[in-house]
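The structure appears right after this line, and notes come after that.
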Amino acid sequence: MLNHVTKVRQSKQRNKTGGVFVIVVACCCLILVPVMIIASQFGMYTVDKYRVQNVVEAAALLAANDVSRIVINDPNFGYVSLSNYAPIGKATAAPDGEPLPVTGINTLIGTIRQNTILAHELGNPTMAALVESDRVDLQRTTDTLNSTINQALTGKSKQENTDIQGAKIDPLQDATKFLKASLPANVELESIKLTNGWLSDGGRTMIPVPQPERIAEVKPENAQQGFVKPFIKLPAAGRAFTFAGLGDASTIVQSRSFHPVDKEHVCSIIKLECVLNVHRPETPYAGKILSKMPIVACSQP
72 MLNHVTKVRQ SKQRNKTGGV FVIVVACCCL ILVPVMIIAS QFGMYTVDKY
122 RVQNVVEAAA LLAANDVSRI VINDPNFGYV SLSNYAPIGK ATAAPDGEPL
172 PVTGINTLIG TIRQNTILAH ELGNPTMAAL VESDRVDLQR TTDTLNSTIN
222 QALTGKSKQE NTDIQGAKID PLQDATKFLK ASLPANVELE SIKLTNGWLS
272 DGGRTMIPVP QPERIAEVKP ENAQQGFVKP FIKLPAAGRA FTFAGLGDAS
322 TIVQSRSFHP VDKEHVCSII KLECVLNVHR PETPYAGKIL SKMPIVACSQ
372 P
């Protein structure tokens, strides 16, 4: 009889232990397994985003390079672009067939600003009047260049954009082709948008602070490494001049400082926004969208 009671007690203890084990297993299935799945998916998303961010930034640099090659024929200043070009282009020839130089917009701004300071220092009213006329024309040129770049980026140009050799330039098409060819196999381009604008902080120019500094009207905080800062108003004899962000090579800049195109700046910064669909590469989930990934990159020509 005693043995029977002992066996019953042991059986009940085993039943309790077994019940606890079942509860533990159920908790693992309901809590730990989903957490592990979410963690693994997040890890995949993070890896994919790091990989595609580099590709998107490369596409933004490509678009910036394209934009820096666009040339406009301005009625006041001749051929103008974001960049300076020597007189070697077939598409920038004068009526006599000789190629003309292309003036970079910052070179144009710097020259007119310097002449404004000189006219003021010399007290020459004739020179001051001519410089003021140039300054008014400069605003029109800036508006035309901004508009031309914006239309090229959106793919809505009314006329074909070309470089100094007459080669067609289409930043939107080039960036789209690059993304489709360079993204990982499980990442698909859903949409892409290119816009131009300016930076409230960041960027650089290749315009040195004029000499002598006592009449340059450039405060120390408005210069960096001997060059004037872009996108800020620099006074000159009561007038304000703003330089574009342009360097000796295209570079990635911070998108958080980006502002869309306006009439107060030379809007040289290129913003690329895209939405990517990330698919599961493994069977039997191939073709199904795992997540949508928005990516943004900004570049300075």
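In the numbering used here, each residue carries its 1-based index in the sequence shown increased by 71.
Where a beta carbon is used, it is the ideal one built from N, C-alpha and C, also for glycine.
These numbers come from a predicted model, not from an experiment.
Taking Cβ positions, are residue i and residue j nearer each other than 9 angstroms?
| i | j | result |
| --- | --- | --- |
| V173 | S152 | yes |
| V207 | N348 | no |
| E284 | V346 | no |
| I340 | G268 | yes |
| L305 | A131 | no |
| L179 | T212 | yes |
| V324 | L243 | no |
| V138 | L224 | yes |
| S328 | A368 | no |
Tell me the rounded alpha-carbon separation between residue i and residue j.
| i | j | result |
| --- | --- | --- |
| V127 | A308 | 43 angstroms |
| F298 | A246 | 31 angstroms |
| G114 | I263 | Confidence at G114 is low in this model, with a pLDDT of 46, below 50, so its placement is unreliable and no value can be given for it. |
| Q295 | D272 | 13 angstroms |
| Q236 | A157 | 12 angstroms |
| A190 | L209 | 17 angstroms |
| T219 | M198 | 31 angstroms |
| K290 | T182 | 19 angstroms |
| K161 | A129 | 29 angstroms |
| L193 | S228 | 44 angstroms |
| R184 | G149 | 18 angstroms |
| A200 | A311 | 16 angstroms |
| A165 | I159 | 11 angstroms |
| A238 | Y121 | 34 angstroms |
| H330 | E169 | 40 angstroms |
| F249 | D167 | 39 angstroms |
| Q230 | N125 | 32 angstroms |
List the endpoints of the continuous beta strand (DSSP E) containing residue i.
| i | result |
| --- | --- |
| I263 | 258–270 |
| E329 | Looking at the sequence provided, one finds Phe at residue 329 rather than Glu. Where F329 is concerned, the enclosing beta strand (DSSP E) stretches over 329–331. |
| E344 | 340–350 |
| N144 | 142–145 |
| Q371 | 360–371 |
| G149 | 149–152 |
| R310 | 310–312 |
| L305 | 305–307 |
| I159 | Premise fails: I159 is in no beta strand (DSSP E) and is neither H nor E. |
| T322 | 322–324 |
My guess is that residue i and residue j are in contact by the Cβ rule of under 8 angstroms, so how many angstroms apart are they, rounded?
| i | j | result |
| --- | --- | --- |
| N217 | C338 | 5 angstroms |
| L317 | P279 | About 13 angstroms separates the two Cβ atoms, so there is no contact after all. |
| N221 | V332 | 6 angstroms |
| R140 | D234 | 4 angstroms |
| N147 | G175 | Not a contact, Cβ separation roughly 15 angstroms. |
How would you write the range of the alpha helix (DSSP H) that residue i sits in, first residue to last?
| i | result |
| --- | --- |
| A190 | 176–193 |
| P255 | Careful: P255 lies outside any alpha helix (DSSP H) and carries neither H nor E. |
| D214 | 196–225 |
Sorted by chain position, which residues of the same chain lie with C-beta nearer than 8 angstroms to residue i's C-beta, five sequence neighbours on each side aside?
| i | result |
| --- | --- |
| E335 | T313 |
| V123 | L254, P255, V258, L347, M364, I366 |
| A287 | I188, V280, P281 |
| T276 | N177, F298, V299, K300, P301, F314, A315, G316, L317, G318 |
| I360 | N348, V349, H350 |
| T266 | N221, L224, T225, P331, V332, I341, K342, E344 |
Taking 6 angstroms as the limit between beta carbons, can you name the residues of its chain near residue i, skipping five residues before and five after?
| i | result |
| --- | --- |
| S321 | L132, A135, N136, S370, P372 |
| K251 | L260 |
| N186 | V202 |
Here's a check: name, in chain order, each residue in its chain whose Cβ is nearer than 7 angstroms to the Cβ of residue i, leaving out the five neighbours to either side.
| i | result |
| --- | --- |
| I108 | Residue confidence for I108 is low, a pLDDT of 47 falling below 50, so the modelled location carries little weight and cannot support an answer. |
| I303 | N293, T313 |
| I240 | D137, R140, I141, A223, N232, T233, D234 |
| T163 | V142, Y150, P170, L171, V173, I235 |
| N195 | none |
| V79 | Unreliable placement is indicated for V79, whose pLDDT of 47 sits below 50; no coordinate value is reported for it. |
Please tell me whether, using a cut-off of 8 angstroms, the distance from the CB of residue i to the nearest non-hydrogen atom of the ligand NAP is below it.
| i | result |
| --- | --- |
| N177 | Ligands in the displayed structure: none, and consequently the ligand NAP is not present. |
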